[in-house]
Each structure stands twice: as C-alpha cells, then as structure tokens.
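In my numbering, the protein residues as written are 3 to 665.
Cβ coordinates follow ideal geometry from the N, Cα and C atoms, glycine included.
Structure record follows, encoded as structure tokens.
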C-alpha cells in the first residue's frame, strides 16, 4: 500500500488551494442545477401560459423550446461533472462551462423581454418583468459562488429588458426604466458581496481540509520518505494477521536496517543522509506489489509487509529468499548524492505471519531480533527468525540489567597481565576487567563485553576501568622504585572514540597528582581506528599531547596497511594471538608474524606478541625478532595485590643478584 498521491505534484500549496477553491465553487453551482432546472422550466411554462393570448404561439413555443433545450444541456453538464470530477485535477474548465450555461440561460430570459413583450396589456408586461426579476434574484443566490456566472445571467437577462423599456416614451415607462436600472445595480452589488462572503467561507473550508489532511497524513505517513509510519503499519498488520489466520495464508514481515548509516551522516552531513533515505525508499517501493506495505519506523529502519505470499511453507521460504535478495541488491546499487558516489548495504530480519507472532508487536519484535542476528553475522545479509533468538534476547536483557547493577554496585574488578621484555622484566601491565558476581563468581569479559557494547554500557564501563587503573597505578608507584615501575595498558572501545568526551577524562587524569608521561598506553583495535579514521587520529594526537601513548591491538586481523600506519601516532603493534598460537605448526603464520615484526621495526615501532603459552613459542618469537611478550607462559591475569607482590619479589631478586655479583 502506497501513500495517497497528490493531485498535482508540481503545484505549490497556494496554487493547489486556488484549485481546490475553484473545485468547491464549481461543485456549489452544479449542486444547485437540479433546483435551477425545475425553477426555469416551471417559470417558463407559467410565463407562456400567462402570455398565450397576447403573443403568437410560434414565438411562445420557440422561446419555451430554447429554454428547455438550454436547461437540458445544463442538466447534461451536471451529469458529466458528477461522473468526472474525481478524475479531474483542473476545475477551470468546469467553471467556464458553468459560466457559459448561466449566460445561455440568461440570454433566453433576455429574449423573453424582446420577443414576448405585450405591447397593449400592462398587466402582462408586469408579469413578464416580475418573472425576469424573480429569475435574476434566484440566479444571484444559486450562482453567487462563481461571480462571472451570476453577472452573466444578470446582465444577459436584464439588459434586453432595459432596452425594451428605453424605447417606450411614456412617463410611467421611464420610471420603470429607472427602477430596473437601479435593480440591476443592486443585484450587481449583491452578487459581488455574496461572492466575497462565499469565497471567504470556501477558503476557510479549504484551509481546514488541508489542515485535516496534513494531520491525517502525519498520523499515518513519514514526512521524509512518504512511506507509512509505525501507526499505519500496525493497522495494516492487524488486518493482515486476521486475514492470514482466517484463510491460512502465509505472509512475511521484513525488518530492514541500513548498515553503517551513521558514517554517511558523519562524513557527508544529515542532508545527504536524508537524501539517501529517500532514494532507498524509492528503490524499495519500486519492488512492491500493490497490496504490500512499506514503512519507515524511524532513523534508517524500514519494515516491509508482504501479505498472502502462499499457503505452502517451502514456497514461502523460497519467496522470501527471492524478495530479500532483490531488496538488498537494489539497496546496494551505487548512488550519487551531492556529487559523492555512495554504496550501502542492508541487514534484513524476516518473520513469518502468523507463525512467528499473533500480534503486530510480536511480529515486529521477532523480525527486529532476526535483523540484529543478521548484523552479528557480518551484515549485508538476511536472517529468518527462530525461537532460539528470542531466548538469546531475553538473556541479553537480563545480562544488561545485571551488568548495569554490577557497575553501580562496585562488582567489577581489574586483573593485570604482565608484558615482559627479552630479559623477562615486566615492562607493562594490561588491565583486564572481570565481573565478580555475588552468585556466579568471577565472570570473564567474553561473557559480558559484547552486551556492554550493544547496549552502550561499555562507555560507562570504560570510564570505570580508566579511573580504577589510574588509582591502581598510584598504588604500584608507591610500592616499587620509579625505575622499576611498569606502564599500564588499557583497552579503549570504539564507542569511547565516537564520543570525544574521552578526552575530558584523559585531561583530568593528566592533571592529577602523580601522573607522568608514559604511565598509560591506550590500546585500540584496527577496526576502531578505521571506523572514523580522521577523527580518531585527531583524538589520538590530542591524547598524545596529554602524555598518553598508543598501541594497535590484535594487529593483523583488520585493515593492516602502511598507508594508515605511517599517519597513526602509535608506539606499539600487538601481534594477534591467532597468529602466535600456531606459529610452530603453520608456515603462513610464521611468515605473517615475521612480516609484522619487520614492518614495525622499519617504522620504529615496538611489537608485543600476545598469547605466548609455551617456552617453544617464546623462543621462536625471539628468533623472529620480537622484543616483548604477553601470555600465560609469563603469568596469568592477577589482582592488584598479587601483581604488587610479584613486582616486589622481582625487585628483591634483582637486589640479591646484584649483591652476589658485587661480593
């Protein structure tokens, strides 16, 4: 189902209002035609009867025949108007036809003054004048909506009478002439005044209609794209759900979300984003049937309703596969917006009705759930809803609630894993967050970081991690000599860098007591860097000026290239554990690791190999030129007190070794 089309899309609102007023003018005049037909024929017949003894029969019959013919033509125009008005956008032709009909009718009554005039019987003259005057008064009332029609009838009917009276030279007739001319003037003024009042009323009516239409449109359609809105979609869904349950039809609801739409808004502006949404809406509607409904829920989310696809489940699967692929192909075609070539993709979630929901709310929820699963599976694809997804959603909501409570009630903990150099000395500590649940014990980050990122809680969690790591850093500084104090590595999420507010937090830390340049190294993934490259570089440079250094985490799994590395203000590349764990068994992994180490050396960067679990892997990495290592071979992540004891123990060991050498 598509939104109602405008009758004339090239017109501005003022011109359209003018046409609507013309339509109402024409309608008012044509609606009065049945009464006009009756009055004209009745008065004509009465006049003919009154003058039958004074006027030749052939004149009476000719005049009466012309009168009836004109009225029949006007009746025909009424029938045509009623049958064609709904298909006619321009009512000017009908207005002209109404003016012509009024003029023709007025001419007929004017001819009565010329050809039906009684030369000897003053009574019959009075009858003729009274009837003409009565017809004029009635015409002013019925034709007032169209001033030209009212004046045409008025002058065509009275001017011949005035001429007839003007050629009579008796004193009494002179008085009649004056009174008739005065009557003409009064009727002209009355017609103009009535017309002004009626036009004002019609304009008020049209304005109210336009306001009502706008309210109805806004209540059911999206102003930007012209597609149905959520309210209209829910009404359609209720109707189609009832039909599908009654007639056993299978329909489909597609929940469509544009991938990375925010990047278009951020890079090209909201005007370009709006144009992109309108172009996508046009592409979607071009592929719908008349009975389908396209809806924009808001933002970059669209919902498409396909009722009555088939009654066979296998055919329904085949049909939605075809529809989803066609839609994604149409959306992914390149677009030109403000001189920029844009290509986007979409993630689609599909729910069948009535199987996946007996209410509009359930269907929308399940299609939305499937869409998010499509996003999780890599985007640019579709996913059909299965009940297991809903259970996963409920678990995610439960985790979100619990995690929010945990952050607010100090259930989060930081553990630290050492990063050592070639001599085994601890050079840095990576802060790793844990959740100490009162019932479930220690929960690892893999079980809650994803939920934190999806819900936006990762920003609050990151702030807690940074502040707690800074406090722990002060504890370490008080526990070991300055030359033995390691730096602190903190992971920063993409959400933190989308919000420039992280600079406020870093600025606060840099100004706090005990802070020194090099105390903290912030670790970013390649994906975070490339998501908004220029903005991230600017934030990194500002943070670097505050005394923070940077490392690229999980290097080699994303957009590894010299083109961006040479511009990034980074000091360390962390080789991803996926290349390290199979280093001894996979020649390709060994080549990749050696390449990363060589590239880092040429760029003046340090390397840290993650996931070092055995002495053999440690030795192999040293042979390849790696300088720093992290993994369970050197120690698992431990609470702060354990790390402090280890640092002190290392200090005592070194002191003992130095004293033995001196002895």
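Annotation: the continuous alpha helix (DSSP H) that includes residue 624 extends over 617-626. Within a 10 Å sphere around the beta-carbon of residue 221 sit fewer than 16 other beta-carbons, which makes this residue exposed.
Contact between the region 539-550 and the region 512-523 is present: three or more C-beta pairs spanning the two stretches fall below 8 Å.
Taken atom to atom, the span from the alpha-carbon of residue 212 to that of residue 201 is near 16 Å. Taking C-beta separations shorter than 7 Å and ignoring five residues to either side along the sequence, the partners of residue 204 in its chain run 23, 26 and 27, following chain order. If the five residues before and after residue 93 are omitted, its C-beta is found closer than 8 Å to the C-beta atoms of 21, 24, 25, 27, 28 and 87, all from its own chain and listed in chain order. For the pair residue 374 and residue 539, the Cα-to-Cα distance works out to about 30 Å.
Taking the CA atoms as reference points, residue 268 sits about 14 Å from residue 277. Assignment of alpha helix (DSSP H) within the region 173-247, counting only whole runs of 4 or more residues, yields 173-222 in chain order. Annotation for residue 379: 385 place their beta carbon closer than 7 Å to its own, counting only its chain and skipping 5 residues before and after. The region 514-598 contains, as complete beta strand (DSSP E) runs of 3+ residues, the segments 522-527, 551-557 and 574-577 (chain order). Leaving aside the five residues that flank residue 585 on each side, the residues in its chain whose CB is nearer than 8 Å to its CB run, in chain order, 591, 592, 595, 619, 622 and 623.
Excluding sequence positions up to five before and after residue 260, its CB lies within less than 6 Å of the CB of 302, 346 and 348, all in the same chain and listed in chain order. Ranked by Cα distance from residue 69, the options 412, 167, 329 and 159 are led by 159.
A straight line joining the alpha-carbon of residue 85 with that of residue 176 spans about 49 Å. In this structure, DSSP gives residue 497 a helical state, which the three-state scheme calls helix. Ranking 414, 460 and 555 by CA distance to the CA of residue 573 puts 555 first. Sixteen is the threshold: when 16 or more other Cβ atoms of the shown chains lie within 10 Å of the Cβ of residue 286, as they do, the residue is buried. In this structure, DSSP gives residue 317 a helical state, which the three-state scheme calls helix. Within the model, the alpha-carbon separation for residue 423 versus residue 413 is close to 33 Å. Excluding the 5 residues flanking it on each side, residue 137 has same chain C-beta neighbours closer than 7 Å at 45, 111 and 159, in chain order. The criterion of a C-beta distance shorter than 7 Å is not satisfied by residue 401 and residue 418.
Counted as a single uninterrupted DSSP element, the beta strand (DSSP E) harbouring residue 420 occupies residues 414-422. If you look at residue 40, you'll find it in the alpha helix (DSSP H) that goes 35-52. Residue environment for residue 42: buried (at least 16 other C-beta atoms within 10 angstroms of its C-beta).
In the DSSP assignment, residue 149 falls within the unbroken alpha helix (DSSP H) covering 149-168.
With 16 or more other Cβ atoms inside 10 Å of its own Cβ, residue 352 counts as buried.
By a beta-carbon distance limit of 8 Å, residue 428 does not contact residue 436. Their separation comes to about 20 Å. The Cβ atoms of residue 305 and residue 354 do not sit closer than 7 Å to each other. Residue 309 holds the alpha-carbon nearest to the alpha-carbon of residue 244 among 191, 225, 298 and 309. For secondary structure counted as the alpha helix (DSSP H) over 4 or more consecutive residues, the region 446-506 holds these complete runs in sequence order: 451-457, 459-481 and 496-500. In this chain, the alpha helix (DSSP H) harbouring residue 267 covers 263-270. Of 215, 107 and 517, the smallest CA-CA separation from residue 19 is found for 215. Taking C-beta atoms under 8 Å as the contact rule, residue 476 and residue 490 fail to qualify, at a distance of about 11 Å. 274 is the residue among 132, 274 and 649 whose C-alpha sits nearest the C-alpha of residue 343. Contact fails between the region 117-129 and the region 98-107, because fewer than three Cβ pairs, one in each stretch, are under 8 Å apart.
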